[in-house]
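Protein chains in written order, with our numbering: chain A, 589 to 951; chain D, 67 to 266.
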């Protein structure tokens, strides 16, 4: 990839006879330039996905509720997210008089930075990854656990009761579900004996079913089915999406931590939420649904499979929102601590014992 | 100065300033947030030392969980700073010598004799394919399995003790049993009565 790009530039600038002069300047900083180019190559499509995810959310929930959804801006309403983005961009960012100014500005940044930084270790296909680090799974867990600060700081710095209530709720909820999520990842780690995402995906491509052309039965979702369900539900709770959206709770506390934010500052919380949704969908596909592996033997592996799986999980997010009423707060805590955590601990033991028996399928 | 040293001094400067601000910040929430920054920067320093597992776990445990709960509590406290300051001079006769003692102890332990460059030679650079996480796991579950298990049992006891100490049974709470609620069927609650229509 890198060589191809370089060749293209060389050919292009040689048309003007400028290549040698340019390369003399660029060469010392080329690795940096290349990494930045890759980051842009990940973030720009991600932001586009976020924009169109908001559009599809409104469309799909509209269809589910027998409405039409946005259809005015552009053909079939396709320019709606662009219009929304422009509107938010040009709105004034109002800082409340009694707010803690610096923290009020930092909070949205703290929300979006982890949501974007997590993507650095996510592979999109064999070798398509910004940083192929050994401890990728741990890194993701650590970085996403910092997302809660954006919400807490926003709630406290706004100096508003509703915002503060939202922050308190989110602190408790996100910390609770992180435990279940971590345990689900421990199971994945046990069966793939690696923390590297590429290894985790490739491990799922091995096994009796995969060698007989039915790869989708070799993926982790089947042996780890309870953990798969726990992980995805915890993911929904971590991203504060319905039915776990007590943090925002429009009908109870207006919009929770975001109530005092306007314009671009508000948009950043929104971007972070949707980027996190896509991240959870991607991680679920990578760790439990075989990532870019093809479900059947006669079709080639590739990025399109991953995209299809991510889209399916994102559809689930939207579907949940259209279907389920909001959980009550004590029910959320009960589900997290009394159902998920014991189930996870039990399944860690089950997997451990399973791997010691002759029926060990994870090799 | 090579790039690694530059990054080290940059991180260390942030770490020192953040740590100082933890004890000098007037607002306890600001202090807690500076502590978060200090933890995060410390994990950066550990990453420079190629201890990636410890660095990530530091962020995961301290930044991601412990400090969130800290902030949770600190934000809800209504701290009167004036009243806290009042005690400063009264307690100095005790606090001062203890602080000096701690500094002396740290100096004795961290003195060049034990932790200097000679006493602690740099470890050999590990070969390619060396995984910090794997090595640590292997050591913990083989050579150090008993100390490790002991530590986890002590932590478990501490957790149970903390929960038991804070457990209060209130008589006026109306406890809900979710499984009972879910098990309810329509026929338990609703009775269909057939009756002739009434005219007014």
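Beta carbons: idealized from backbone N, C-alpha and C, even for Gly.
To the nearest whole angstrom, what separates the beta carbons of residue i and residue j, a pair I think is in contact under 8 Å?
i: residue 687 of chain A; j: residue 746 of chain A; result: 6 Å
i: residue 845 of chain A; j: residue 763 of chain A; result: In fact, because the Cβ distance is near 15 Å, the residues do not count as touching under 8 Å.
i: residue 819 of chain A; j: residue 772 of chain A; result: 4 Å
i: residue 831 of chain A; j: residue 915 of chain A; result: 5 Å
i: residue 81 of chain D; j: residue 111 of chain D; result: 7 Å
i: residue 881 of chain A; j: residue 801 of chain A; result: Residue 881 of chain A to residue 801 of chain A, Cβ: 12 Å. No contact.
i: residue 716 of chain A; j: residue 891 of chain A; result: 7 Å
i: residue 860 of chain A; j: residue 703 of chain A; result: 4 Å
With 16 as the cutoff for other CB atoms within 10 Å, does residue i come out buried or exposed?
i: residue 935 of chain A; result: buried
i: residue 246 of chain D; result: exposed
i: residue 653 of chain A; result: exposed
i: residue 901 of chain A; result: buried
i: residue 71 of chain D; result: exposed
i: residue 906 of chain A; result: buried
i: residue 722 of chain A; result: buried
i: residue 945 of chain A; result: exposed
i: residue 208 of chain D; result: exposed
i: residue 95 of chain D; result: buried
i: residue 785 of chain A; result: buried
i: residue 264 of chain D; result: exposed
i: residue 646 of chain A; result: buried
i: residue 180 of chain D; result: exposed
i: residue 897 of chain A; result: buried
i: residue 792 of chain A; result: buried
Looking at chain A, is there any beta carbon in it that lies within less than 8 Å of the beta carbon of residue i?
i: residue 122 of chain D; result: yes
i: residue 97 of chain D; result: no
i: residue 126 of chain D; result: yes
i: residue 245 of chain D; result: no
i: residue 130 of chain D; result: yes
i: residue 137 of chain D; result: yes
i: residue 118 of chain D; result: yes
i: residue 168 of chain D; result: no
i: residue 186 of chain D; result: no
i: residue 208 of chain D; result: no
i: residue 72 of chain D; result: no
i: residue 90 of chain D; result: no
i: residue 40 of chain D; result: The question about residue 40 of chain D has no answer, for chain D in this structure spans 67 to 266.
i: residue 218 of chain D; result: no
i: residue 134 of chain D; result: yes
At the 8 Å Cβ level, is residue i part of the contact set with chain D, yes or no?
i: residue 705 of chain A; result: no
i: residue 778 of chain A; result: no
i: residue 664 of chain A; result: no
i: residue 848 of chain A; result: no
i: residue 826 of chain A; result: no
i: residue 909 of chain A; result: no
i: residue 744 of chain A; result: yes
i: residue 922 of chain A; result: yes
i: residue 701 of chain A; result: no
i: residue 868 of chain A; result: no
i: residue 934 of chain A; result: no
i: residue 740 of chain A; result: yes
i: residue 624 of chain A; result: no
i: residue 719 of chain A; result: no
i: residue 734 of chain A; result: yes
i: residue 683 of chain A; result: no
Which of helix, strand or coil does DSSP assign to residue i?
i: residue 190 of chain D; result: coil
i: residue 653 of chain A; result: coil
i: residue 154 of chain D; result: helix
i: residue 839 of chain A; result: helix
i: residue 831 of chain A; result: coil
i: residue 822 of chain A; result: helix
i: residue 844 of chain A; result: helix
i: residue 241 of chain D; result: coil
i: residue 767 of chain A; result: helix
i: residue 682 of chain A; result: coil
i: residue 140 of chain D; result: helix
i: residue 107 of chain D; result: helix
i: residue 945 of chain A; result: coil
i: residue 259 of chain D; result: coil
i: residue 795 of chain A; result: coil
i: residue 208 of chain D; result: coil
i: residue 265 of chain D; result: coil
i: residue 96 of chain D; result: helix
i: residue 850 of chain A; result: coil
i: residue 619 of chain A; result: helix
i: residue 756 of chain A; result: helix
i: residue 604 of chain A; result: coil
Original post:
Fully enclosed by the stretch 859-931 of chain A, which beta strand (DSSP E) runs are 3 residues long or longer?
Top reply: Fully enclosed beta strand (DSSP E) runs of 3 or longer: not present.
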